[in-house]
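Asker: This structure is in structure tokens; I'll ask about it shortly.
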Amino acid sequence: RTQSSKRAETRFGKMMSRRLLRPGQITAVRSCSLWLPAVGHVRMLTKGHHATHKHEANSRQVPLHFSRSPPKFASCDPEQLYASTTHVKNLVDGKWDFNLKSTTVVVDPLNGKPMLTVANVQHSELAPYVASLAKCPKYGLHNPIFNVERYRLYGQVCANAANFMVQPDVAHFFARLIQRVSPKSYAQAMAEVNVTRAFLQNFSGDQVRFLARSFGTPGDHMGQGTQGYRWPFGPVAIITPFNFPLEIPALQVLGALFMGNKPLLKSDTKVSIVAEQFLRLLTVSCGVPAEDLMLIHCSGDVMHKLLLEARPRNTVFTGSSRVADMLARDLNGKIKVEGAGFDWKILGPLPTELAVAHSLAMPSALEAAAQHQGDA
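Residue numbers for the sequence shown, in the numbering used here: 1 to 376.
Written out as structure tokens, the structure is:
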């Protein structure tokens with residue numbers, strides 16, 4: 001241990017001895033390098049006696065909250081989400097918009113109390129989104145022969161965002177925010193953060209520019225040849241599900257931006273606060289022009305109407321096969337689909353329970369897939 005960490009431990013011990021902290025309200029000293037095990041009991045010292053709090057068993061270690069406040073780009077605190085003060089906004093034409101006339105209240109799944117107030121765009125309010133998408137030409141905001149300096153811009157954006165995501169405070173912020181809206185352990189939530197950070201690191205510097213590498217083929221007579229470019233679609237839409245609130249929206253939106261598209265993101269309303277905070281990180285702290293992308297919170301039928309009116313040149317949809325089939329027909333095939341299929345989630349640590357679940361799930365999975373697989 002370093003000398004600074006020893007001093008931090010001393011200050012932390014004195015702070016703990018002055019008052020009993022409530023479960024979930026442990027406050028760490030800034031720059032503290034301590035780790036709090038999530039297995040078994042955590043003993044908190046008070047004047048004259050001990051207090052013990054049982055934490056949910058977890059095979060990983062959970063870091064103490066390094067900061068007393070959320071990161072500067074954030075508009076919420078994962079530890080204090082209240083519907084009266086936590087408003088999840090839309091992003092259109094470079095401005096964050098929140099209309100209190102129509103909202104959706106998301107409740108805390110642990111206690112049933114209102115936790116988030118999410119903007120809810122109605123059919124009559126789609127005009128700004130349709131007009132904003134129409135402003136993007138079909139050759140995109142940049143391409144291999146137009147605004148080429150923007151490839152380097154997004155390489156720098158990735159470097160900036162990766163530097164933020166590697167900071168313990170920021171990583172912890174996103175992991176806890178994911179946990180508040182999605183049934184994941186801390187380790188599972190942090191895995192999303194790590195994947196997103198690795199993606200950003202991979203595309204830092206010149207990697208976005210290299211991603212747009214073109215190709216050429218010699219012709220069969222003098223003066224003739226073939227040159228191929230990676231060309232953007234222009235205005236596009238991205239629809240993401242609830243199960244990966246950070247990873248799927250982040251990677252798909254950034255991929256669209258890299259190639260010069262203008263994406264409109266619609267995430268599942270129950271978890272869309274995670275996507276909103278990530279877009280705030282990109283636009284507020286990392287250099288992404290806010291006019292380059294949009295974020296909308298609405299119901300499925302409103303989003304369907306928006307797609308039919310705006311007619312984006314491509315749509316990336318991750319979700320159910322039923323909705324994917326409908327969109328493929330209505331959008332005339334201008335869609336990339338990642339279907340959810342028929343999946344099982346097995347809960348239960350006992351080998352006997354897992355064996356029973358395996359015997360029930362495998363025949364169903366094979367029938368649904370109409371193909372044979374080896375045992376999992």
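Where a beta carbon is used, it is the ideal one built from N, C-alpha and C, also for glycine.
(1) Which residue from E353, L293 and S69 puts its Cα closest to that of D169?
(2) Under the three-state reduction of DSSP, which class applies to L331: helix, strand or coil?
(3) Where do the N-terminal and C-terminal ends of the beta strand (DSSP E) with N314 fall, by residue?
(4) Among F98, P71 and T85, whose alpha-carbon lies nearest the alpha-carbon of H297?
(5) Around the Cβ of G300, are there at least 16 other Cβ atoms within 10 angstroms (buried) or fewer (exposed)?
(6) Compare the Cα-Cα distances from G319 to each of P241, L264, V166 and F278 and report the closest residue.
(7) Taking the alpha-carbon of V195 as reference, which of E247, T103 and I273 has the nearest alpha-carbon?
(8) For K135, does the count of other Cβ atoms within 10 angstroms reach 16, so buried, or fall short, so exposed?
(9) Strictly under 8 Å for the Cβ-Cβ distance: is V166 near chain B by that measure?
(10) Would you say L308 and T315 are within 8 Å of each other, going by their C-beta atoms?
(11) For W96, which residues in the same chain have their Cβ closer than 6 Å to its Cβ, ignoring the five residues on either side in sequence?
(12) Alpha carbon to alpha carbon, what distance is there between T104 and A361?
(13) At 3 residues or longer, and completely inside the region 113-147: list those beta strand (DSSP E) runs for me, N to C.
(14) Assign V107 to one of two classes, buried (16 or more other C-beta atoms within 10 Å of its C-beta) or exposed (fewer than that).
(15) Could you tell me the alpha carbon to alpha carbon distance between L200 and C158, rounded to whole angstroms?
(16) What is the rounded straight-line gap between the Cα of A161 and the Cα of L282?
(17) For V288 and H304, what's the separation of their Cα atoms in angstroms?
(18) Starting from the C-beta of K336, find all residues in its chain whose C-beta is less than 8 Å away, skip the five residues before and the five after it, and write them out in chain order.
(19) By DSSP's criteria, C298 is part of a beta bridge. Which residues make up the other side?
(20) My output table needs one value for I239: the three-state DSSP class, helix, strand or coil.
(21) Have a look at Y82, N143, F164 and P71 and flag the residue whose alpha-carbon is nearest the alpha-carbon of P109.
(22) Measuring alpha carbon to alpha carbon, tell me which of V193, H221, N163 and W231 ends up nearest R176.
(23) Does the region 268-276 come into contact with the region 145-157, if we say contact requires no fewer than three beta-carbon pairs (one atom in each stretch) closer than 8 Å?
(24) Classify T217 as buried or exposed, calling it buried when 16 or more other Cβ atoms lie within 10 Å of its own Cβ.
(25) Roughly how many whole angstroms lie between the Cα atoms of M259 and P312?
(26) With a threshold of 16 other CB atoms inside 10 Å of the CB of D292, please say whether the residue is buried or exposed.
(27) According to the neighbour-count rule (16 or more other Cβ atoms, all chains shown, within 10 Å of its Cβ), is G383 buried or exposed?
(28) I need the straight-line Cα distance from L251 to H221, nearest angstrom please.
(29) With burial defined as no fewer than 16 other Cβ atoms inside 10 Å of the residue's Cβ, what is the status of M190: buried or exposed?
(30) If you count every other CB in all the chains shown that lies within 10 Å of the CB of Q122, and 16 or more means buried, which is it?
Answerer: In brief:
(1) If we check each option's Cα against that of D169, S69 comes out closest.
(2) Of the three classes helix, strand and coil, the one that applies to L331 here is coil, per DSSP.
(3) N314 to G319
(4) Ranking F98, P71 and T85 by Cα distance to H297 puts F98 first.
(5) By the 10 Å Cβ count, G300 comes out exposed.
(6) P241
(7) E247
(8) exposed
(9) Looking for chain B here will not work: only one protein chain is present.
(10) no
(11) These residues qualify, in order along the chain: K89.
(12) 36 Å
(13) Those beta strand (DSSP E) runs which fall completely within the region 113-147 and span 3+ residues are 114-119.
(14) exposed
(15) 5 Å
(16) 7 Å
(17) Going by the C-alpha atoms only, they are around 27 Å apart.
(18) N314, T315, V316 and F317
(19) V121
(20) strand
(21) Comparing Cα positions, the closest option is Y82.
(22) Selected option, being the one with the closest Cα: V193.
(23) no
(24) exposed
(25) M259 and P312 have their C-alpha atoms spaced approximately 15 Å apart.
(26) Burial call: buried.
(27) This structure gives no information on residue 383, because the portion of the chain shown stretches from 1 to 376.
(28) If I take the Cα positions, the gap works out to 43 Å.
(29) buried
(30) exposed
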